[in-house]
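For the sequence shown, the positions run 2 to 374 when this note's numbering is used.
The beta carbon of each residue, even a glycine, is placed where N, CA and C say it ideally should be.
Read the structure below first, then the notes.
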Amino acid sequence: MAIATHRSSAPQSSRRTSAPSLAVVGVTGAVGQEFLAVLAQRRFPYSSIKMLASARSAGKEVTFQDRTYKVEELTEASFRGIDIALFSAGGSISKKFAPVAVEAGTIVVDNSSAFRQTPGIPLVVPEVNADALTTAGIKLGQGAIVANPNCSTIIALVPVTPLHRAAGVHRMVVSTYQAASGAGYAAMLELEQQARDVLAGKPAQCKLFKQQYAFNLFSHNSALGPNGYNEEEMKLVHETYKIWGYFAGTGSSVQVDPFSLPGAPRISATCVRVPVMRAHAESINLTFNKPLSEDEARQILAQAPGVSIIDDRANNTFPTPLDATGKDDVYVGRLRRDLSQDGNWGLNLFVCGDQLRKGAALNAVQIAELLLK
Ligand SMILES: NC(=O)c1ccc[n+]([C@@H]2O[C@H](COP(=O)([O-])OP(=O)(O)OC[C@H]3O[C@@H](n4cnc5c(N)ncnc54)[C@H](OP(=O)(O)O)[C@@H]3O)[C@@H](O)[C@H]2O)c1
């Protein structure tokens, strides 16, 4: 795998002696590489940056801004002197190494699901609940963990939260169309190879996924629970409750019963992998506690941070994953009254967001930016 270089357009680097020291854990992965791109583009200030991955990658070179760095093997000693560590190496690595980093005084911004439901660990989408960081008393210089939500949850909540604030979501039904890169580099390579093979008249080789991915789609590959929903679907439900402040986390795999959360919206999801390389799409149906017209919703979304509207009915032009690829905003379109309900009690929308970016690396870097304030 070629490791990308991330040189910012202007010549100077954002390295400053007074700035925090950084570590990127999982730097050779799909999210890790996006971390470097986002840090460079946003000129995130840093005094030093450590590139960490598995022993397999130790010694590989990564270029970031004006320097070339050697990737180091992640070990328990990796966090000495590190202020902020951006983690994206999977849940088991986070579970093992995030507590070690915290002990060393590092703030971990974690992209895995390891700590999202842990009470006391804030689960943050900066446009939605930046205040969760202050409430949890997270401060630079004191070790702590901040969890980055699941990519589908982030992409839904950036546009839905302002509507929820205006009219109260009573019920949310989400159907996702999720890209290969959501499952990392190996999934992207599998989709590409299968597409080549099928077009060449050869059988598709299934390694990561059980089913053919190219020219096909299938139910999300995460584990199915006893209720028939897969983990990705239940993350969307439970993470929304935590981010919107209906509960503080279970600290275990126990499922939260929405009927036990006063005023909590009813949420259900169907998550599907589609043969798109990058950026997730979601169809979202909302029922409100009080009427909200299509025009009011459009005005709210036009002002919403992190949202761009593509909703050109005359030309039948609406958001696509390619529109969202490499972009920071979540794109919203197909905004229309839910015809199955009387009056303005329901709304349909279709959203696309780059899950490597807003669904992972950008959201985590925005959290790190909040720590600098
Ligand atoms: N992809 C997304 O859109 C997305 C969105 C939100 C959250 N996430 C989460 O982010 C994490 C990474 O996802 P990804 O898509 O970037 O996966 P990926 O492309 O497969 O990358 C995995 C990274 O983890 C590193 N790693 C694996 N085992 C390690 C070990 N023992 N010690 C240190 N590093 C190790 C890999 O290093 P080597 O190259 O050395 O193996 C690689 O850098 C996962 O928890 C995922 O759920 C991903």
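- Looking at the DSSP output, isoleucine 146 sits in a beta bridge with Val109.
- Measuring C-alpha to C-alpha distances from serine 89 to each of Val110, Lys71 and Gly106 identifies Val110 as the nearest.
- Taking 4 residues as the shortest admissible run, the segment 248-310 contains the following complete alpha helix (DSSP H) segments, listed from N- to C-terminal end: 295-304.
- At the C-beta level, asparagine 317 and valine 126 stay beyond 9 Å of one another.
- By the neighbour-count definition (other C-beta atoms within 10 Å, threshold 16), cysteine 152 is a buried residue.
- Taking a 10 Å sphere around the C-beta of glutamine 300, we find fewer than 16 other C-beta atoms and assign the residue as exposed.
- For valine 26, no alpha helix (DSSP H) segment is defined; the enclosing uninterrupted segment is the beta strand (DSSP E) at 22-26.
- Non-local beta-carbon contacts of alanine 361 in its own chain, meaning distances under 7 Å to residues more than five positions away in sequence, involve Val32, Glu35, Ser89, Asn112, Asn149 and Cys152 in chain order.
- Boundaries of the alpha helix (DSSP H) harbouring glutamate 128: 127-130, taken from the DSSP string.
- A heavy atom of ligand 1 is found nearer than 8 Å to the CB of isoleucine 94.
- The segment 196-215 and the segment 227-240 do not touch, with fewer than 3 CB-CB distances between them shorter than 8 Å.
- Residue range 347-354 is occupied by the beta strand (DSSP E) that includes leucine 350.
- Of all C-beta pairs linking the segment 65-83 to the segment 44-51, three or more are shorter than 8 Å, placing the two stretches in contact.
- Unbroken beta strand (DSSP E) runs of no fewer than 3 residues, entirely contained in the segment 21-90, are found at 22-26, 49-54, 62-65, 68-71 and 85-88, following chain order.
- The three-state secondary structure of leucine 200, taken from DSSP, is helix.
- DSSP places glutamine 367 outside any beta strand (DSSP E); the residue lies instead in the alpha helix (DSSP H), whose first and last residues are 363-373.
- Assignment of histidine 165 by DSSP, reduced to helix, strand and coil, places it in the helix class.
- Excluding its 5 nearest sequence neighbours in each direction, asparagine 345 has C-beta neighbours in its own chain below 7 Å: Pro292, Leu293, Ser294 and Arg338, listed in chain order.
- Cysteine 152 has its CB nearer than 8 Å to a heavy atom of ligand 1.
- Its chain contains Gly144 as the residues whose beta carbon lies nearer than 7 Å to that of glutamate 104, once the 5 sequence neighbours on both sides are disregarded; these appear in chain order.
- Annotation for threonine 29 indicates a beta carbon within 8 Å of some heavy atom of ligand 1.
- For serine 182, the three-state secondary structure derived from DSSP is helix.
- Taking lysine 140 as reference, the option from Pro123, Ala282 and Pro204 with the minimal CA-CA separation is Pro123.
- At least one heavy atom of ligand 1 lies closer than 8 Å to the C-beta of glutamine 356.
- Assigned with DSSP and collapsed to three states, histidine 171 falls in strand.
- If you draw a straight line from the Cα of tyrosine 242 to the Cα of leucine 348, it comes to about 20 Å.
- Bounds of any alpha helix (DSSP H) do not take in glycine 334; it lies within the beta strand (DSSP E) bounded by 331-338.
- Looking only at Leu192, Tyr70 and Gly27, the smallest Cα-Cα distance to phenylalanine 219 is reached by Leu192.
- For asparagine 149, the CB falls within less than 8 Å of some heavy atom of ligand 1.
- Serine 261 is classed as exposed because its beta carbon has fewer than 16 other beta carbons within 10 Å across all chains shown.
- Assignment of arginine 16 by DSSP, reduced to helix, strand and coil, places it in the strand class.
- DSSP, read as helix, strand or coil, puts serine 153 in helix.
- Each of His221, Asn130, Ser95 and Val238 was checked against the Cα of proline 163, and the nearest Cα belongs to Asn130.
- DSSP places threonine 318 in the strand class (E or B) of the three-state scheme.
- For serine 58, the closest C-alpha among the options Glu74, Thr135 and Ala168 is that of Glu74.
- Shortest gap from the CB of alanine 369 to any heavy atom of ligand 1: 8 Å or more.
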